[in-house]
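To start, the structure itself, in C-alpha cells.
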Amino acid sequence: MSYEAGEIYFVREVSEGEQLSPFVKIGLVKSPRVSATRLSEHQTGNPRRLLIPEGHIVATDAVSLVEAQLHRRYASNRVGGEWFSFESDKQLLQVISDTRALAIDAEKLAFVFVQADNFQKSASNGETVKATDSDLEIATRLADATAKMAFCKKIESDINEKLKEAVREGEDVGTVQNRTYKPKFDEAAFADKHPEVYSKYLELEPFWYSRFLSNKKVEASEGLGAEFELAITEIQSLMSAIGGTSDAYKISEPTMLVTQLKALADWDLKYATAQMKVACGVNEAIEGVCSWKRYQDSKQEFDLKKFTGEHPDFYMEYLTDAVTKEYVLRPRGNART
2 MSYEAGEIYF
12 VREVSEGEQL
22 SPFVKIGLVK
32 SPRVSATRLS
42 EHQTGNPRRL
52 LIPEGHIVAT
62 DAVSLVEAQL
72 HRRYASNRVG
82 GEWFSFESDK
92 QLLQVISDTR
102 ALAIDAEKLA
112 FVFVQADNFQ
122 KSASNGETVK
132 ATDSDLEIAT
142 RLADATAKMA
152 FCKKIESDIN
162 EKLKEAVREG
172 EDVGTVQNRT
182 YKPKFDEAAF
192 ADKHPEVYSK
202 YLELEPFWYS
212 RFLSNKKVEA
222 SEGLGAEFEL
232 AITEIQSLMS
242 AIGGTSDAYK
252 ISEPTMLVTQ
262 LKALADWDLK
272 YATAQMKVAC
282 GVNEAIEGVC
292 SWKRYQDSKQ
302 EFDLKKFTGE
312 HPDFYMEYLT
322 DAVTKEYVLR
332 PRGNART
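Residue numbers for the sequence shown follow our numbering, so the first one is 2 and each next one is one higher.
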C-alpha cells in the first residue's frame with residue numbers, strides 16, 4: 002500500500018458566462034509535484050477554462066487512499082471519471098471540509114501503516130500473549146468493519162446480477178466490456194502434459210510467509226450500529242422495488258449508496274487491521290483476538306524465463322489470452338473527461 006504524501010485538488014470548470022459550473026474534478030498529485038502543474042496539464046486541449054480556487058487544495062498523507070475514499074464516498078455525485086457534480090458551492094465546501102478531516106485521519110493512518118509494515122518484515126517469535134483492553138477494543142472495531150464489508154459485498158453481488166440480467170435483456174442501463182489481459186503461460190496445463198520437461202525447470206526459491214487472521218466475530222445480537230443498519234435497510238428497499246428488467250434504471254441509486262457505505266467500512270477496516278498488527282508486534286498471536294505467523298521459507302518455483310529461452314515453441318503453444326466480461330453501469334448525467 003502506498004502512503005505517499007501529496008495534494009487533493011478540486012478543479013472548477015468555468016462556463017461561457019464566466020460562472021462556475023457545478024462540475025468539479027477531484028484529483029491528486031504526489032509530492033514533490035504540486036496541483037498548479039497538474040491544472041495546466043488538464044487545461045491542455047480542454048475547451049473549457051479550468052481553475053483551482055483558493056482553499057481548494059488539501060495536503061495529506063496517504064494521498065492515493067484519501068482520493069479513493071472521496072471518489073467512493075461521493076459516488077452519487079460522480080458524472081464520469083474524476084468529474085463530479087455538486088448542486089451548490091455550499092455542498093462542495095462541505096466536501097472539502099470532509100477532505101481536511103480525512104487528511105487528519107490519514108496522518109494517523111500512515112504512521113500506523115508504516116509500523117505494521119515494519120512488523121510484516123519481522124519473523125514472529127512463537128509467543129501468544131494475553132489480550133489487553135486496548136487489544137479487545139481494536140478487535141471489536143476490526144470485526145465490526147469486516148462484517149460491514151461482507152454485507153456490502155453481498156449487496157454488490159446482488160446488484161451486479163440484476164445489472165447483468167438487464168443488459169442481457171437489452172435494457173439501456175449498462176454496457177458489456179470485454180477486457181483482454183496480458184497473455185499468460187498456462188503452467189498447470191504444461192505441467193500436466195509434459196511433467197518431465199516441467200520438473201527440469203523447478204528451482205527452490207526463498208519466500209516470506211505471512212498470514213494474519215482475526216478471531217473475533219460480530220455476534221448477531223450485537224448488531225452493526227443503527228446508522229449502518231438503517232442504510233442497509235434503505236438499499237434493500239430500493240433493491241426490492243426493482244421488480245424486473247424494465248425497472249433496471251432503478252439500479253443506479255442502490256449502487257451509489259452501497260459504494261459510499263463500502264468506502265466507510267473499508268477505511269475503518271484498513272485502520273483497525275493495521276492497529277491490530279501493531280498490537281501483535283513480533284508475537285505470533287494475541288489470545289482470543291488474532292494470530293499472525295511470519296517466517297522465512299522456500300518453495301519450488303517454475304523458472305519461466307529460462308524455460309522460454311530454451312523452449313520458445315512450447316511457450317507459444319501454451320500461451321493463453323484471458324478475456325473477462327465486465328458489466329458496467331452507464332454513467333449518470335453529462336459525462337466529463
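Just so it is clear, CB atoms sit at the ideal spot from N, CA and C, and this is done for glycine as well. Quick caveat, the model's predicted, so the values are computed rather than measured.
Tell me the residue span of the beta strand (DSSP E) that contains residue i.
i	result
Ser-214	Reading the sequence as shown, one finds Leu at residue 214 and not Ser. Counting along the chain, the beta strand (DSSP E) containing Leu-214 begins and ends at 203 to 215.
Pro-23	21 to 31
Thr-234	Per DSSP, Thr-234 belongs to no beta strand (DSSP E); it is in the alpha helix (DSSP H), 227 to 241.
Phe-85	84 to 86
Val-35	Neither: Val-35 is in no beta strand (DSSP E) and is coded neither H nor E.
Gly-81	79 to 81
Can you tell which of the options has the C-alpha that lies nearest to the C-alpha of residue i?
i	options	result
Gln-44	Val-59, Ala-69, Val-15 and Ser-65	Val-15
Lys-263	Ile-105, Lys-26, Arg-49 and Ile-156	Ile-156
Arg-295	Gly-127, Gln-70 and Ala-63	Gly-127
Leu-164	Cys-281, Met-240, Gly-18 and Thr-274	Met-240
Arg-13	Thr-38, Phe-120 and Phe-85	Phe-85
Lys-217	Thr-141, Thr-260, Met-150 and Glu-230	Thr-141
Ile-236	Lys-154, Thr-321 and Gln-20	Lys-154
Ile-160	Asp-90, Pro-48, Ala-242 and Thr-38	Ala-242
Gln-92	Ala-102, Gly-82 and Tyr-75	Tyr-75
Asn-47	Lys-26, Ile-58 and Glu-166	Lys-26
Tyr-316	Tyr-199, Ala-232 and Phe-186	Phe-186
Ala-104	Thr-61, Glu-17 and Ile-139	Thr-61
Tyr-210	Val-30, Glu-68 and Glu-285	Glu-285
Glu-204	Ser-41, Gly-226 and Asp-304	Asp-304
Phe-308	Tyr-202, Ala-273 and Leu-320	Tyr-202
Phe-152	Thr-260, Arg-212, Leu-137 and Lys-300	Thr-260
Thr-321	Trp-293, Glu-188, Pro-196 and His-312	Glu-188
Gly-18	Thr-38, Arg-50 and Ala-192	Arg-50
Glu-162	Arg-73, Glu-197 and Thr-256	Thr-256
Leu-66	Ser-77, Lys-31, Arg-39 and Leu-137	Lys-31
Cys-291	Ser-215, Thr-38 and Glu-302	Ser-215
Ala-69	Trp-293, Glu-83 and His-57	Glu-83
Lys-194	Gly-310, Arg-34, Glu-318 and Trp-293	Glu-318
Lys-109	Asp-269, Glu-311 and Gln-297	Asp-269
Ala-107	Phe-213, Leu-71, Leu-137 and Glu-55	Leu-71
Phe-352	Glu-197, Leu-265, Ile-252 and Ile-139	Nothing can be reported for residue 352, as the shown portion of the chain is limited to 2 through 338.
Phe-11	Pro-33, His-57, Thr-38 and Leu-21	His-57
Trp-293	Asp-90, Gln-20, Glu-138 and Arg-212	Arg-212
Leu-21	Asp-90, Ser-77 and Lys-251	Asp-90
Ser-98	Phe-114, Val-130 and Val-59	Val-59
List the endpoints of the continuous alpha helix (DSSP H) containing residue i.
i	result
Leu-52	Run containing Leu-52: none in the alpha helix (DSSP H); it sits in the beta strand (DSSP E), 50 to 52.
Ala-107	90 to 121
Glu-8	Counting along the chain, Glu-8 falls outside any alpha helix (DSSP H), though it belongs to the beta strand (DSSP E) covering 7 to 15.
Val-340	Here the chain comprises residues numbered 2 to 338, so residue 340 is not present and cannot be evaluated.
Val-67	64 to 74
Ala-199	One detail in the question is off: residue 199 reads as Tyr in this sequence, not Ala. Looking at the DSSP string, the run of the alpha helix (DSSP H) that includes Tyr-199 is 196 to 200.
Pull up the DSSP beta-bridge partners for residue i, would you.
i	result
Lys-183	Lys-183 is not bridged to any residue.
Val-345	For residue 345 there is no data in the structure shown, the boundaries of the chain being 2 and 338.
Thr-129	Ala-286
Can you check whether the CB of residue j is closer than 8 Å to the CB of residue i?
i	j	result
Ile-9	Thr-147	no
Glu-288	Ala-132	yes
Phe-87	Pro-23	yes
Ala-275	Ala-117	yes
Ser-125	Val-283	yes
Lys-271	Phe-120	no
Met-150	Asp-267	yes
Val-219	Ala-280	no
Ala-232	Leu-258	yes
Leu-29	Val-80	no
Ser-299	Pro-207	yes
Ser-41	Ile-53	no
Tyr-199	Ala-190	no
Tyr-4	Val-130	no
ask   = At what residue ranges does the segment 246 to 325 contain a whole run of the beta strand (DSSP E), taking only runs of 3 or more?
value = The qualifying runs are 291 to 303.
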